[in-house]
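K.L.:
In this note's numbering, the protein residues as written are 50 to 327.
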Amino acid sequence: MAIGAVTILEILIIMGTSLWAIQYLVSRRVHAYEKPSLNNTQVENLPKVSIILPVYKEKRQSIEKTLDSISSQNYPRNLLEVLIVVDKDDTHTLNEALKAAEKFLSSLNIKMIINENTGRRLKAVAMNTAMKHAGGSIVGFYDADDVFPSDQVLNAVLLLMERNYAAVGTRVYRFRSSVLGGLMYLESIVWYNAVIPFLRSTIKITPLSGEGLFIRKDVVDSIPQSMAEDALLSLKLSSRGYSVGLLDSYVYELAPVNIISFIRQRIRWNRGYAQTSF
Numbered sequence: 050m051a052i053g054a055v056t057i058l059e060i061l062i063i064m065g066t067s068l069w070a071i072q073y074l075v076s077r078r079v080h081a082y083e084k085p086s087l088n089n090t091q092v093e094n095l096p097k098v099s100i101i102l103p104v105y106k107e108k109r110q111s112i113e114k115t116l117d118s119i120s121s122q123n124y125p126r127n128l129l130e131v132l133i134v135v136d137k138d139d140t141h142t143l144n145e146a147l148k149a150a151e152k153f154l155s156s157l158n159i160k161m162i163i164n165e166n167t168g169r170r171l172k173a174v175a176m177n178t179a180m181k182h183a184g185g186s187i188v189g190f191y192d193a194d195d196v197f198p199s200d201q202v203l204n205a206v207l208l209l210m211e212r213n214y215a216a217v218g219t220r221v222y223r224f225r226s227s228v229l230g231g232l233m234y235l236e237s238i239v240w241y242n243a244v245i246p247f248l249r250s251t252i253k254i255t256p257l258s259g260e261g262l263f264i265r266k267d268v269v270d271s272i273p274q275s276m277a278e279d280a281l282l283s284l285k286l287s288s289r290g291y292s293v294g295l296l297d298s299y300v301y302e303l304a305p306v307n308i309i310s311f312i313r314q315r316i317r318w319n320r321g322y323a324q325t326s327f
């Protein structure tokens, strides 16, 4: 019995390694991630961008970290707004968000959005709530604790305009100084640098992450409750014939602090897929 179990394990390892090798070889031949050839001096009228930041049970420092990355963007300040979304009964996070926002009021146009629909605690619900208040023709999404380059917003907008994409995503690397954090970092490297290019080139579907995601608001308005869980959004856009791009950039976010947090995160993701599918 033990020999049989070992044999099955060896077969699974061989199959997994072979699949990863195929994905990697395909991804090497596919230039999945792009940079815009345009620059801001070649565009007369840049669009207004709304950045949505859903927060739930977050600390002030985590919210400040993302706001700091947003405030460092080289996008025109008069064309940038930030919508922080908080559940109405999450008073602790609301107070933390207000403190964080106060620090950046001189550099950012920040609006606090209260999510009244707290019956289903999903990020997608908060995102759809905030969409109703977004004044930009392009909407971007980040989470607390996200860190990203200062040219990300501008390059995402330029790539959307240049290639007429409906949405643009990027790499999201999850990391923390722990064994679990290191493993999640490796997982995200494989996912974004091998698996996604493979899926994009073979089945023509580009999975999008909820961080570093930019989407045209007219596209969102044409698909009711379109800001669903990340994988479902990708399928909705693909099924309607929309083109999706991948920006050659990255977002760093903190990985779960321990195995319990990791399991809860994956349960939350899968529950979100299930609930937003009906």
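All C-beta atoms, glycine included, are put in the ideal place defined by N, C-alpha and C.
Here the structure is a predicted model, which means the values were calculated and not measured.
List the residues that DSSP assigns as beta-bridge partners of E302.
P.N.:
Here the question's residue 302 lines up with position 253 in the sequence shown. In DSSP, E302 forms a bridge with R223.
K.L.:
Taking 8 Å as the threshold (C-beta atoms), are V98 and M196 in contact?
P.N.:
For the purposes of this step, residue 196 is identified with residue 147 of the sequence shown, where counting begins at 1. For the purposes of this step, residue 98 is identified with residue 49 of the sequence shown, where counting begins at 1. Looking at the sequence provided, one finds Val at residue 196 rather than Met. Not a contact, by the Cβ cut-off of 8 Å.
K.L.:
Helix, strand or coil for E83, going by three-state DSSP, please let me know.
P.N.:
Within the sequence shown, residue 83 is the residue found at index 34, counting from 1. Here E83 sits in strand by DSSP.
K.L.:
What three-state label does DSSP hand K137 in the structure shown?
P.N.:
Against the sequence shown, residue 137 aligns to sequence position 88. Here K137 sits in coil by DSSP.
K.L.:
Leaving out five residues before and five after K108 in sequence, what residues of the same chain have Cβ atoms less than 7 Å from its Cβ?
P.N.:
For the purposes of this step, residue 108 is identified with residue 59 of the sequence shown, where counting begins at 1. Counting only Cβ-Cβ distances below 7 Å, and skipping sequence neighbours, we find E145.
K.L.:
What's the C-alpha gap between I101 and L147?
P.N.:
As a working mapping, residue 101 is identified with position 52 in the sequence shown. As a working mapping, residue 147 is identified with position 98 in the sequence shown. Taking the straight line joining both Cα atoms gives about 15 Å.
K.L.:
State the Cα-Cα distance for the pair L87 and N123, rounded to the nearest angstrom.
P.N.:
Looking up residue 87 in the sequence shown gives position 38. Looking up residue 123 in the sequence shown gives position 74. For L87 and N123, the distance between alpha carbons rounds to 15 Å.
K.L.:
Return helix, strand or coil for A216, following the three-state DSSP convention.
P.N.:
Here residue 216 corresponds to residue number 167 of the sequence shown, with the count starting at 1. Of the three classes helix, strand and coil, the one that applies to A216 here is strand, per DSSP.
K.L.:
Helix or strand or just coil, what does DSSP make of F190?
P.N.:
As a first step, residue 190 is located in the sequence shown; it is residue number 141 there, counting from the start. The answer is strand: DSSP assigns F190 an E or B state.
K.L.:
Could you compute how far the alpha carbon of I252 sits from the alpha carbon of S283?
P.N.:
Mapped onto the sequence shown, residue 252 falls at position 203. Mapped onto the sequence shown, residue 283 falls at position 234. Going from the Cα of I252 to the Cα of S283 covers about 12 Å.
K.L.:
In the DSSP output, what is I101 paired with across the bridge?
P.N.:
Along the sequence shown, read from residue 1 onward, the residue named residue 101 stands at position 52. For I101, which the question treats as bridged, DSSP gives the partners L132, F190.
K.L.:
Can you give me the start and stop residues for the alpha helix (DSSP H) that R126 sits inside?
P.N.:
Numbered from its first residue, the sequence shown carries residue 126 at position 77. Run containing R126: none; DSSP gives neither H nor E here.
K.L.:
Check this for me: beta carbons of N204 and L296, under 8 Å apart or not?
P.N.:
Stepping through the sequence shown from its first residue, residue 204 is reached at position 155. Stepping through the sequence shown from its first residue, residue 296 is reached at position 247. Result yes, Cβ atoms of N204 and L296 sit closer than 8 Å.
K.L.:
Give the C-beta separation of G218 and G261 to the nearest angstrom, bearing in mind that I take them to be a contact with Cβ-Cβ under 8 Å.
P.N.:
Mapped onto the sequence shown, residue 218 falls at position 169. Mapped onto the sequence shown, residue 261 falls at position 212. Correct: roughly 6 Å between the Cβ atoms.
K.L.:
Rank Y222, L208, E236 by C-alpha distance to the C-alpha of A216 and give the top, closest one.
P.N.:
As a first step, residue 216 is located in the sequence shown; it is residue number 167 there, counting from the start. Nearest C-alpha to A216: L208.
K.L.:
Give me, in chain order, the residues of the same chain whose beta-carbon lies closer than 7 Å to that of L95; leave out the 5 immediate sequence neighbours on both sides.
P.N.:
Start at 1 with the first residue of the sequence shown, and residue 95 comes out as number 46. Once the five neighbours on either side are set aside, the close Cβ partners of L95 are N89, P125, L128, V206.
K.L.:
Using DSSP with H/G/I as helix, E/B as strand and the rest coil, what is N177?
P.N.:
The count along the sequence shown starts at 1 and reaches residue 177 at position 128. Three-state result, N177: helix.
K.L.:
Compare the beta carbon distance of I264 and T255 with 8 Å and say whether it is the shorter of the two.
P.N.:
If you number the sequence shown from 1, residue 264 lands on position 215. If you number the sequence shown from 1, residue 255 lands on position 206. Not in contact: I264 and T255 (Cβ atoms no closer than 8 Å).
K.L.:
Shorter than 7 Å, the distance from the beta carbon of V221 to the closest heavy atom of the ligand SAH, or not?
P.N.:
Looking for the ligand SAH in the displayed structure turns up nothing, as the structure carries no ligands at all.
K.L.:
By Cβ distance, which residues of its chain are closer than 6 Å to K172, with the 5 residues on each side in sequence left out?
P.N.:
Here residue 172 corresponds to residue number 123 of the sequence shown, with the count starting at 1. Contacts found: P103.
K.L.:
Using DSSP's beta-bridge definition, name the partner residues of L262.
P.N.:
One-based indexing of the sequence shown puts residue 262 at position 213. Answer is F190, bridged to L262.
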